[in-house]
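Colleague: All letters in the sequence shown, in the order written, are residues 4 to 145 by our numbering. Got a structure for you, written out below as structure tokens; questions coming shortly.
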Amino acid sequence: EAMYVCAAFANALINCEMLNCYSQNNFINAPIQDNNISLSIVMHVRNSKLSNFYFSGNFIEKVFKEVTDSEIINFQCLKSNNLTSDLIDIDRGDLPSPIDITVYESKEEMYSLAEKLNDGLTEDVWVNQENDFPKLKVFAEV
């Protein structure tokens, strides 16, 4: 019997730091997955930092399955029809994990996120696109 585990961005972020990134995906068909495992943007975040990130996509049920001794800062997420109100299923670890998530009802609400994603940075790296999601400055100029 096969077991499927599915994450829309990454299965696990362990002992890492990810800054200023985004992921956009839309599955054509619902991913095949174990009935007990919901489709998450990131399944497991352990001893890591994720900041200034946005995600848009469909079929997402949870943002994170597990967050352990990590820090999530300025995480922006488009609400899929499947997203439950419980964004994080499990929070394990001895140290609390600060988690800053904003969920948007429509993609149009996310088109002007550059200012929020640039907040606190020493230099602006995000730019807004006309009628589209923001891009990192290096990719927007190409």
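The beta-carbon is built from N, C-alpha and C at its ideal position, and this holds for glycine as well.
1) Please determine if the region 48-64 and the region 7-23 are in contact, where contact requires at least 3 C-beta pairs separated by less than 8 Å.
2) Leaving out the 5 sequence neighbours to the left and right, which residues in its chain are closer than 6 Å to Pro137 when beta-carbon positions are compared?
3) Counting pairs of beta carbons, one from the region 85-97 and one from the region 107-114, are three or more of them closer than 8 Å?
4) Could you please give the first and the last residue of the uninterrupted beta strand (DSSP E) stretch that includes Leu53?
5) Just checking my contact of Ser45 with Leu22 at CB under 8 Å: how many whole Å lie between their CB atoms?
6) Just list the residues that DSSP pairs Tyr107 with in beta bridges.
7) Note down, in chain order, each residue of its chain lying with its Cβ closer than 7 Å to the Cβ of Ser54, except the 5 sequence neighbours on either side.
8) Look at Val96 and Thr71 and say whether their C-beta atoms are less than 8 Å apart.
9) Report yes if the CB atom of Ser41 is closer than 8 Å to the CB atom of Glu64, and no otherwise.
10) I believe Glu74 touches Ser100 by the beta-carbon criterion, under 8 Å. Please report the beta-carbon distance rounded to the nearest angstrom.
11) Return yes when the Cβ of Ser51 is within less than 8 Å of the Cβ of Asn28, no when it is not.
12) Answer with buried or exposed for Asn134, where buried requires no fewer than 16 other C-beta atoms within 10 angstroms of its C-beta.
13) For His47, which of Phe62, Glu69, Phe30 and Ser26 has the nearest alpha-carbon?
14) Return the chain-ordered list of same chain residues with a C-beta closer than 6 Å to the C-beta of Ile93, the five sequence neighbours on each side being excluded.
Modeller: So, to answer that:
1) yes
2) Leu116, Ala117, Trp129 and Asn131
3) no
4) Lys52 to Gly60
5) A small fix is needed here, since residue 45 is Val in this sequence, not Ser. Between Val45 and Leu22 the beta-carbon gap is near 15 Å, outside 8 Å, which marks them as no contact.
6) Leu81
7) Closer than 7 Å at Cβ, skipping near neighbours: Leu22, Ile76 and Asn77.
8) According to the sequence displayed, residue 96 carries Gly and not Val. Contact flag set, yes.
9) yes
10) 7 Å
11) no
12) exposed
13) Glu69
14) Answer for Ile93: Glu69, listed in chain order.
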